[in-house]
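Beneath this line is the structure, given in structure tokens, with notes to follow.
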Amino acid sequence: MIFRRRLENVNRQTADWLARLHADDRSAEDEARFRDWLNSSNANKEAFESASSLWTSVGGLREGYAPERIAMAPKPVLMSRRTVMAGGGAAVVMAGATLGWQTAYAGVYRTEIGEQRRFQLADGTRAMLDTDTQIRFRVKDDLRLLALQSGRVDLDIAPDARPFVIDLGDRQAFANQARIDARRTDAVAQLTTISGVAQVENPSGEKLTLPMGSRVAIANGRRDLIDQPELEDLIAWQSGRLAFRDNTLREAIGEFNRYSTRVLVVDDPAVAALRISGVYRAGDSEAFARSLALLLPVTVSVAGDSIKISADR
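Numbering of the sequence shown is given in the working numbering, commencing with residue 5 and proceeding in unit increments.
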């Protein structure tokens, strides 16, 4: 049991380092810390070499990240939206927006499948929209109101005397000078306080305080669920990556299908319940499926715009 926990810990650290080394904001300090970690044990070296080889074999890396090449390794290449929609690379990030795009929709901002966009709101708040997302932002005399209609947004909220309100449907969140990750689907809304503090108000007026590092998950017909997620995994989507930690295959496929029109399909409940960990390029559904065939007892077949994952017979 002790050996197993140590192995799980090494594998988790390896996944963390793969994510960190492929982040857009990777620094020289990160690279120095990575070398220290790598050289601290043979187990670390073996785990990292194995994980890097697997990622390379399924298209996760354009260049190998051998330890001696870390300092010279290229940053991730942002692919075109057409490439993303064909399942060929990480989600494209549009740095900034034209004035026409900002004003054409009277405060409504949206992205299509496979598109991400960074921009600044009228109050100075920096926002990043994930794939297939729509928000509406309005500034009033006494408050700033952002309605997340669907999808996911990262908000670095600018300081202002007016409170910043995030409308999540039947919940509202309040924050000021905080960084928030908010997500909304038809069934569930989630809000995570990456830095600062937020409050979430329910329909009866009760307020829940979320300190830094906390997440609340909201769904009709159940109590709000609060946890402390791995923040580095949580924001991996902003550098075109998806990080999984013992997730079911159904959950992982659901995430991948948000980024590409090339749909992953699994219709076997036993296969859908299999669990997976790792860091993958968002939008590259075929490479993800190929990795599953190496890691799990499944077979993969491609037909048109669908990639079917079945039990290995």
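Quick reminder that beta carbons are idealized off the backbone N, C-alpha and C, glycines included.
Drop a sphere of 10 angstroms on the beta-carbon of I230, count the other beta-carbons inside from all chains shown, and report buried for 16 or more, exposed for fewer.
-> For the purposes of this step, residue 230 is identified with residue 226 of the sequence shown, where counting begins at 1. Exposed, since its Cβ has fewer than 16 Cβ neighbours within 10 Å.
Would a C-beta distance cut-off of 8 Å place I117 and D136 closer than the cut-off?
-> For the purposes of this step, residue 117 is identified with residue 113 of the sequence shown, where counting begins at 1. For the purposes of this step, residue 136 is identified with residue 132 of the sequence shown, where counting begins at 1. In terms of Cβ geometry, I117 and D136 form a close pair [threshold 8 Å].
Under three-state DSSP, which class holds G244?
-> Taking the sequence shown and counting its residues from 1, the one referred to as residue 244 is at position 240. In the structure shown, G244 sits in coil (DSSP, three-state: anything other than H, G, I, E or B).
Please determine, among S243, R219 and R156, the residue with the shortest C-alpha to C-alpha distance to L195.
-> Counting from one through the sequence shown, the residue named residue 195 turns up at place 191. Checked all of S243, R219 and R156; the closest Cα to L195 is R219.
How far does the beta strand (DSSP E) with D34 in it reach, from first residue to last?
-> In the sequence shown, the residue the question calls residue 34 occupies position 30. Annotation: D34 is outside any beta strand (DSSP E); the continuous alpha helix (DSSP H) that includes it extends over A32 to N43.
Can you have a look at W21 and say buried or exposed, based on whether 16 or more other CB atoms are within 10 angstroms of its CB?
-> The count along the sequence shown starts at 1 and reaches residue 21 at position 17. So W21 counts as buried.
Excluding sequence positions up to five away, which residues of its chain have a Cβ less than 6 Å from the Cβ of E330?
-> Limits of the chain in this structure are 5 at one end and 317 at the other, which puts residue 330 out of reach.
Distance between P233 and D164 (C-alpha atoms, nearest Å) = Working through the sequence shown from its first residue, we reach residue 164 at position 160. Working through the sequence shown from its first residue, we reach residue 233 at position 229. For D164 and P233, the distance between alpha carbons rounds to 28 Å.
Can you say whether D228 is buried or exposed, counting buried as having 16 or more other CB atoms within 10 angstroms of its CB?
-> Sequence index remark: in the sequence shown, residue 228 carries index 224 (1-based). Per the 10 Å Cβ criterion, exposed.
Identify which residue in M216, V201 and I222 has its Cα closest to the Cα of P207.
-> Counting from 1 along the sequence shown, the entry for residue 207 is found at position 203. Residue I222 is the option with its Cα nearest to P207.
What do you get for R156, buried or exposed, if any count of 16 or more other CB atoms within 10 angstroms of its CB means buried?
-> The residue you call residue 156 lines up with position 152 of the sequence shown. Buried, since its Cβ has 16 or more Cβ neighbours within 10 Å.
Output yes or no for whether 8 Å exceeds the beta carbon distance between V169 and R148.
-> For the purposes of this step, residue 169 is taken as the residue at position 165 of the sequence shown. For the purposes of this step, residue 148 is taken as the residue at position 144 of the sequence shown. Contact: yes.
For D316 and L152, the rounded distance between their alpha carbons | To locate residue 152, count along the sequence shown from 1; it is residue 148. To locate residue 316, count along the sequence shown from 1; it is residue 312. The C-alpha of D316 is placed about 41 Å away from the C-alpha of L152.
Contact check, P215 vs V201 under 8 Å by CB: the rounded distance?
-> Taking the first residue of the sequence shown as position 1, residue 215 is located at position 211. Taking the first residue of the sequence shown as position 1, residue 201 is located at position 197. Sure, about 6 Å apart at Cβ, within 8 Å.
Are I257 and L268 close, meaning C-beta to C-beta below 8 Å?
-> Taking the first residue of the sequence shown as 1, we reach residue 257 at position 253. Taking the first residue of the sequence shown as 1, we reach residue 268 at position 264. Taking 8 Å as the cut-off, the beta carbon of I257 is found closer than this to the beta carbon of L268.
Would V275 be called buried (16 or more neighbouring beta carbons within 10 Å of its own) or exposed?
-> The residue given as residue 275 occupies position 271 in the sequence shown. With 16 or more neighbouring CB atoms inside 10 Å of its own CB, V275 falls in the buried class.
Where does the unbroken beta strand (DSSP E) through V275 begin, and where does it stop?
-> Against the sequence shown, residue 275 aligns to sequence position 271. Taken as a continuous stretch (DSSP letters only), V275 belongs to no beta strand (DSSP E), being part of the alpha helix (DSSP H) at P273 to A276.
What's the gap between the Cα of A32 and the Cα of D40?
-> Here residue 32 refers to the residue found at position 28 when the sequence shown is read from its first residue. Here residue 40 refers to the residue found at position 36 when the sequence shown is read from its first residue. D40 has its alpha-carbon roughly 13 Å from the corresponding atom of A32.
Quick one: what does DSSP say K211 is sitting in, helix, strand or coil?
-> Translated into the one-based positions of the sequence shown, residue 211 becomes position 207. Three-state result, K211: strand.
Since G155 sits in a beta bridge, which residues does DSSP pair it with?
-> In the sequence shown, counting from the first residue as 1, residue 155 sits at position 151. According to DSSP, which records beta bridges pairwise, G155 is partnered with R188.
Could you spell out the range, first to last residue, of the alpha helix (DSSP H) harbouring D237?
-> Against the sequence shown, residue 237 aligns to sequence position 233. Per DSSP, D237 belongs to the alpha helix (DSSP H) from L235 to L238.
Who are the near neighbours of L42 in its chain, counting only those whose CB is closer than 7 Å to its CB and skipping five residues on each side?
-> The residue given as residue 42 occupies position 38 in the sequence shown. Around L42: N48, K49, F52 and P71.
By Cβ distance below 8 Å, which residues in the same chain neighbour R386 in space, the five residues on each side in sequence not counted?
-> The shown model of the chain, from 5 to 317, leaves out residue 386, and the question about it has no answer.
State buried or exposed for S199, treating a residue as buried only when at least 16 other CB atoms are found within 10 Å of its CB.
-> Along the sequence shown, read from residue 1 onward, the residue named residue 199 stands at position 195. By the neighbour-count definition (other C-beta atoms within 10 Å, threshold 16), S199 is an exposed residue.
8 Å CB neighbourhood of R86 in its chain, flanking five on each side removed | In the sequence shown, the residue the question calls residue 86 occupies position 82. Below a pLDDT of 50, predicted positions are generally treated as unreliable, and R86, at 37, falls in that range; the measurement from the model is reported next regardless. None.
Tell me which same chain residues have a C-beta within less than 6 Å of the C-beta of A186, skipping the five on either side of it?
-> Locating residue 186 in the sequence shown gives position 182, counting from the first residue. Around A186: L152, V157, I170 and L195.
Proximity of V302 and I311 at Cβ, strictly below 8 Å = In the sequence shown, residue 302 corresponds to position 298, counting from 1. In the sequence shown, residue 311 corresponds to position 307, counting from 1. Taking 8 Å as the Cβ cut-off, V302 and I311 do not qualify as a contacting pair.
Which whole-angstrom value is the C-beta distance of R266 and D237, which I expect to be below 8 Å?
-> The residue labelled residue 266 in the question sits at position 262 within the sequence shown. The residue labelled residue 237 in the question sits at position 233 within the sequence shown. In this structure R266 is not in contact with D237, their Cβ atoms being roughly 24 Å apart against a cut-off of 8 Å.
How is the alpha helix (DSSP H) around I257 delimited, first residue to last?
-> Working through the sequence shown from its first residue, we reach residue 257 at position 253. Membership of I257 in the alpha helix (DSSP H) is indicated by the continuous run L253 to F260.
Taking DSSP as the reference, what is the three-state secondary structure of L172?
-> Numbered from its first residue, the sequence shown carries residue 172 at position 168. Coil, per DSSP.
Does the separation of the CB atoms of R279 and D250 fall below 8 Å?
-> Working through the sequence shown from its first residue, we reach residue 279 at position 275. Working through the sequence shown from its first residue, we reach residue 250 at position 246. R279 is a Cβ neighbour of D250, given a cutoff of 8 Å.
Could you please give the first and the last residue of the uninterrupted beta strand (DSSP E) stretch that includes S310?
-> Residue numbering aside, residue 310 sits at position 306 when the sequence shown is read from its first letter. Counted as a single uninterrupted DSSP element, the beta strand (DSSP E) harbouring S310 occupies residues S310 to A315.
Between the C-alpha atoms of L150 and G209, what's the straight-line distance to the nearest angstrom?
-> Working through the sequence shown from its first residue, we reach residue 150 at position 146. Working through the sequence shown from its first residue, we reach residue 209 at position 205. Just so you know, the alpha carbons of L150 and G209 end up roughly 19 Å apart.
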